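Counting along the sequence shown from 1, when you hit position 135 you're at 1432 in the numbering used here, and nothing is skipped either side. See below for the structure under consideration.
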Amino acid sequence: MVAQSDLPFRLMCEQLYNVDLSYTQMLHAYNFVEQNGETFRTSHLDVYPQSSIRGILTGHEDRSSLMVTPSQVNALEGMNDNEVDQSRKRILAAISESKGPNPIEVKPTVVQIAAHDPDVAVKAAMMILERSGSMESGASPVTAIDLNLGCPQSIARKGRYGSFLHDESPELTYKVLAKLRSELPQEIGVTAKIRLPPTQADADAGKLGNISSLGSSPQTIDDRIHRLIDCGVDLITVHGRTRFENKVAVGPVDWDAVRQCVDSARSYSGDSNYPLFANGGIEFGEDVKKCFEKTNASGVMSSETLLEMPSVFCTGGGETSGSITAKGLLERQLGYADMYLDYATIFPPLPGSLGTKGGSFNVIRSHLFKMLHRYLEENPDLRSWLGSQELRTIRQARDLLSDLRLRYDKIEDDQLMLKKSWSSDSSWYRRHRRQNVQSQNQSMPSLSLEERKELTKLRIKKMQEERKKRSIKSV
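This is the structure we're talking about:
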């Protein structure tokens, strides 16, 4: 996730919300290896030795080694040492509550790159390992290098990476992966995140661009998976959609096809536990369980939902709208934002490509837009303020959160349930899916205000009855 999978967000998800493995944002290999690319390298790669991260988090190590860009300093403007210390204390308290009094865990990370030249890919990967301290003795902060073969954005075609590279230049794709696997240390994994191959229907619709026919690209799921394994790929992640199913064109994820990938990988490799992750179709916590059951995958990856609901992998942390109150939903989303700002205070994100002066806060801004999406839609003045370049520090972001919280403070739960923010359609995850949802619901009659109030009363009564049952069981 470009400018979204930053260090503070990864740490929050791993240390508080049961994320076992995280990926960095995609790094362009060509930009990373350029002779004059030190600015790019410094402002993009945010993987450091685990001992350093642990020391900074506990206050035993100075964080100056991580403050490498002006925009990070700018994001902290106006904050004093006491405020920073309070953020650290809240994080440590949250970790203790979530994990118990165990030593603070800092997990290794997968670094994702974009490349279509095998030599450039290897050079970039080796530079990443060296700069992150992964070539030194001890625990490596980088556990694998991932080749991005899943990005469906049009810019990926221009840059020859993502799903376009895999669909339009499959042989070159496999050369890059094979070179990575043969040149990198064996203890460093080589992984690939892919999408489903194009279909005959895509060809008939003239969608294949540079491919004149399906004959020039892997025809089947099995072919694609087998070729990846032949390259020595250690782990495959499959998004259960083609590259054409994107944004407003997104459709239901094909978990059956992902299951076929799992079965094919394990049969062809001869390893009944060959690791394959499923990606796509995760909106609530219950979807994680459904995905495991449907695909038999080794793991489940989430991106868009995680940005809005970092606790989706927690037991009971990714409730459906029917199992959480409107007030509970509000406090949950505000809680995510508060905690992320605490992590960003200790580890201001690198700016990436979002600006040399304000890039660090622009990363923070983007996270807040997603976590608070449904409430900012109801408060356009706050949405405009968050989007304004006048709001450019963490302290100002705290003020915005306080303002937002005050606006809902006196609203009772039954009234809050009548607001648009209570609807699942108002979530960040659903923003590109509303057209599909609306078309599915066209046959449903619209409800009057009185009917909506009555429905709300019934839902509240049902939730109260469920709480009573739970309390009786606990007694």
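We treat Cβ as the ideally placed atom computed from N, Cα and C, and that holds for glycine. Treat the numbers as computed from the prediction; the structure is a model and nothing was measured.
Looking at residue j and residue i, is the spacing between their C-beta atoms short of 9 Å?
i	j	result
L1679	L1631	no
G1435	S1319	no
S1361	D1639	no
D1519	G1537	no
L1462	L1446	yes
F1773	M1432	Limits of the chain in this structure are 1298 at one end and 1772 at the other, which puts residue 1773 out of reach.
V1439	P1415	no
L1304	F1644	yes
M1598	K1490	yes
S1724	E1605	yes
I1579	L1373	no
L1426	L1481	yes
T1612	T1366	no
D1527	Y1471	yes
Y1726	T1602	yes
How long is the line joining the alpha carbons of residue i and residue j, rounded to whole angstroms?
i	j	result
Q1312	Q1557	33 Å
R1689	D1553	45 Å
H1325	G1334	11 Å
G1375	P1648	19 Å
S1302	D1700	27 Å
A1391	L1715	32 Å
S1620	T1339	44 Å
D1722	S1608	19 Å
P1515	D1531	Note that P1515 scores 48 on pLDDT, short of 50, meaning its location in the model is unreliable; the coordinates nonetheless yield the value given after this. Their backbone Cα atoms lie some 20 Å apart in a straight line.
Y1571	G1529	12 Å
L1332	L1474	A small fix is needed here, since residue 1332 is Gln in this sequence, not Leu. Q1332 and L1474: Cα-Cα distance of roughly 24 Å.
S1740	W1719	Note that S1740 scores 35 on pLDDT, short of 50, meaning its location in the model is unreliable; the coordinates nonetheless yield the value given after this. Cα to Cα, the separation comes out at about 22 Å.
D1284	L1713	In the structure as shown, the chain starts at 1298 and stops at 1772, and residue 1284 therefore has no counterpart that could be examined.
N1775	N1371	The first residue shown for the chain is 1298 and the last is 1772, placing residue 1775 beyond what the model contains.
N1593	H1357	43 Å
I1353	R1387	14 Å
T1496	I1661	39 Å
S1479	V1419	9 Å
K1591	D1464	26 Å
S1509	R1351	Note on S1509: pLDDT 49, under 50, position unreliable in the model; no value is reported.
R1728	L1673	13 Å
G1503	E1394	54 Å
I1533	W1682	41 Å
F1589	P1467	29 Å
E1709	L1703	13 Å
P1646	T1355	18 Å
M1636	E1380	13 Å
D1272	G1684	In this structure the chain extends from 1298 to 1772, so residue 1272 is not present and cannot be described.
A1300	F1306	11 Å
Which whole-angstrom value is the C-beta distance of residue i and residue j, which I expect to be below 8 Å?
i	j	result
P1449	N1377	Actually they do not touch by this definition, with Cβ atoms about 45 Å apart.
S1429	L1342	7 Å
G1655	Q1686	7 Å
F1574	G1596	4 Å
V1407	A1441	5 Å
M1663	S1368	Checking the displayed sequence, the identity of residue 1663 turns out to be Ser instead of Met. In fact, because the Cβ distance is near 14 Å, the residues do not count as touching under 8 Å.
D1499	F1541	6 Å
If distances are taken between C-alpha atoms only, which option among the options comes closest to residue i?
i	options	result
N1315	V1403, E1465, N1333	V1403
G1486	N1676, R1492, S1437	S1437
D1560	V1535, R1540, F1541, G1577	V1535
T1321	P1467, H1664, M1298, N1328	M1298
F1337	G1596, T1517, S1650	S1650
D1584	P1549, L1573, S1569	P1549
K1717	S1479, I1691, N1676	N1676
P1494	T1539, E1484, S1466, I1452	T1539
M1364	M1323, E1709, E1380, Y1345	Y1345
M1323	R1351, A1421, S1395, D1635	A1421
L1444	E1427, R1492, E1484	R1492
K1775	D1696, T1602, F1610	Residue 1775 lies beyond the residue range present for the chain, which begins at 1298 and ends at 1772; the question has no answer from this structure.
C1310	D1527, R1702, A1634, E1674	A1634
S1600	E1484, N1576, C1588	N1576
Would you say residue i faces chain C, with C-beta separation under 9 Å as the test?
i	result
E1687	Any reference to chain C falls outside this structure, which holds one protein chain only.
### Message
Count Cβ pairs between the stretch 1666 to 1675 and the stretch 1394 to 1401 that sit closer than 8 Å; are there 3 or more?
### Response
no
### Task
Indicate whether the contact test is met: 3 or more Cβ pairs, each with one atom in the stretch 1561 to 1573 and one in the stretch 1518 to 1538, closer than 8 Å.
yes
### Query
Are at least three pairs of beta-carbons, each pair with one atom in the stretch 1449 to 1466 and one in the stretch 1405 to 1421, less than 8 Å apart?
yes
### Query
Counting pairs of Cβ atoms below 8 Å between the stretch 1640 to 1649 and the stretch 1622 to 1630, do you hit three or more?
no
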